[in-house]
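Under the numbering used here, read the sequence shown as residues 5 to 328, first letter to last. Ideal Cβ placement from N, Cα and C applies to all residues, glycine included. Please read the structure below before turning to the comments.
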Amino acid sequence: MTRAVKKAVKKAVKKAVKKAVKKPANQTVKSPKNPTATHATPVGGLLGAHVSSAGGPALTPGRGDVIGASAIQLFTKTPNQWREPEIDDATAAAFRAALAASGVRFTTSHDSYLINLASPDATLRARSLDSFTRELRRCHALGLDAVVSHPGNFIGDRASGLARNADAITEALEAAPGPTRLCMELTAGQGTVLGSTFEEMAALLARIPARLQHRLGVCLDTAHVFAAGYDLITDYDGVWTRFADVIGLERRGVLHLNDSAVPFGSRKDRHALIGEGHIGDEPFRRIMSDPRLRDVPKILETPKGDDLAEDIANLAKLRSLIAW
Ligand SMILES: [Zn+2]
Ligand SMILES: [Zn+2]
């Protein structure tokens, strides 16, 4: 991180905390659930990016403010390690205070890359289930709106992998009740990963008991579905009609807005800056102007340097594409 950005982040966090401390406990704060919001409706709806959690979750809303985000995604832990920290009361309170004072209105976690709830290896699956359950507990403790999670890799037999995945999700949701919505992310379909077709995602969700269905949503990543063979360029409406028919529009929980560094149907997961990959500007213009997606939080996971200039430019670009 450059010194200028560090300074800007520090300043935004300081300002946010100061504002939060000054506020009486019962004063209105901006929230999608709070109709008397103190922040005006942001242009482009709930829009932002994945932000760094370095230094702890309380610093993430300030980082959202630096890039002008109204929605952020964060890791609640180091995503490539099995270490599972717990969120203590002080950490949760600091995060909530910083969030309340920021312009961020939607928060989602992204779970660890190591988790494979579909694994045929009993040890890895048990470890994954423990890690995933603890992830849900951290999200509940922080009061996050959503947690985005990838379906696992079936490795051997596809149908058994899907069953293992659904059973583990069920077990974790039962073990960790709370407000955070689990949004399963559609994948690019590389190797034996599950969830790269709308049908398979629907089948996975359908295996989870009815009493837990209200806690489930879907995350659609534009780069993933494009690489998986959903043609957002020439058949934008057809893709969404299929989504509505097979998964159901009520499941749309989060959109990941990424251009794709790899061609259509390549089944690889490589993100590019908006308009600089194989998807190009047009599908993003459609998404930003689509009334069906107006209320769906939109998050960038595009490449960036330490000064976050790419995030700021990409968000400005997305806002400029809105047709209304
Ligand atoms: Zn993801
Ligand atoms: Zn994604």
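{"Item": "Please report the straight-line C-alpha distance between L325 and S135, rounded to a whole angstrom.", "Value": "39 Å"}
{"Item": "Is it buried or exposed, H228, if we count other Cβ atoms within 10 angstroms and call 16 or more buried?", "Value": "buried"}
{"Item": "Under 6 Å Cβ to Cβ from N221, same chain only, skipping five residues before and after it: list those, please.", "Value": "Just to set this straight, residue 221 is Gly in the shown sequence, not Asn. Taken in chain order, the residues that qualify are R185, C187, R255 and G257."}
{"Item": "State buried or exposed for N84, treating a residue as buried only when at least 16 other CB atoms are found within 10 Å of its CB.", "Value": "exposed"}
{"Item": "Roughly how many angstroms lie between the CA atoms of L312 and A163, to the nearest whole one?", "Value": "42 Å"}
{"Item": "Need the endpoints of the beta strand (DSSP E) that G193 sits in, please.", "Value": "Looking at the DSSP string, G193 is not in any beta strand (DSSP E), and its letter there is neither H nor E."}
{"Item": "In chain order, what residues of the same chain lie with their CB nearer than 7 Å to the CB of E314, ignoring the 5 residues before and after it?", "Value": "L277, T306, P307 and K308"}
{"Item": "Helix or strand or just coil, what does DSSP make of K22?", "Value": "The predicted model places K22 with a pLDDT of 48, which falls under 50 and marks its position as unreliable, so this point remains unresolved."}
{"Item": "Do the CB positions of S132 and F79 come within less than 9 Å of each other?", "Value": "no"}
{"Item": "Would P61 be called buried (16 or more neighbouring beta carbons within 10 Å of its own) or exposed?", "Value": "buried"}
{"Item": "Taking only three categories from DSSP, how would you classify H218?", "Value": "helix"}
{"Item": "Does the separation of the CB atoms of D225 and E189 fall below 9 Å?", "Value": "yes"}
{"Item": "Mind reading off the beta-carbon distance from L50 to F110? Whole number of angstroms is fine, and I expect it under 8 Å.", "Value": "4 Å"}
{"Item": "Compare the Cα-Cα distances from A192 to each of A150, G182, D263 and R271 and report the closest residue.", "Value": "R271"}
{"Item": "Going by alpha carbons, who is nearest to R87 out of M292, E139, D241 and D235?", "Value": "E139"}
{"Item": "Which one of T245, G269 and C143 has the shortest CA to CA distance from S200?", "Value": "G269"}
{"Item": "Where does G257 sit, in a helix, a strand or coil, going by DSSP?", "Value": "strand"}
{"Item": "Alpha carbon to alpha carbon, how far is S264 from A232?", "Value": "11 Å"}
{"Item": "Following a CB-centred definition, is E90 positioned closer than 8 Å to any heavy atom of ligand 1?", "Value": "no"}
{"Item": "Three-state secondary structure (DSSP) at N157?", "Value": "strand"}
{"Item": "For D241, verify whether its CB is less than 8 Å away from any heavy atom of ligand 1.", "Value": "no"}
{"Item": "Would you identify the three-state DSSP class for A53, choosing helix, strand or coil?", "Value": "strand"}
{"Item": "In its own chain, which residues sit with a C-beta less than 7 Å from the C-beta of L322, not counting the 5 before and 5 after it?", "Value": "G48, L51, L261, I278, F288 and M292"}
{"Item": "For the candidate residues G242, H282 and F247, whose alpha-carbon lies nearest to that of A206?", "Value": "F247"}
{"Item": "I want to check one thing, is the minimum distance from the CB of C223 to the heavy atoms of ligand 1 below 8 Å?", "Value": "yes"}
{"Item": "Within the present structure, is the beta-carbon of E305 separated from the nearest heavy atom of ligand 1 by less than 8 Å?", "Value": "yes"}
{"Item": "Helix, strand or coil for Y224, going by three-state DSSP, please let me know.", "Value": "Note that residue 224 corresponds to Leu in the displayed sequence, not to Tyr. Three-state result, L224: strand."}
{"Item": "According to the neighbour-count rule (16 or more other Cβ atoms, all chains shown, within 10 Å of its Cβ), is L319 buried or exposed?", "Value": "buried"}
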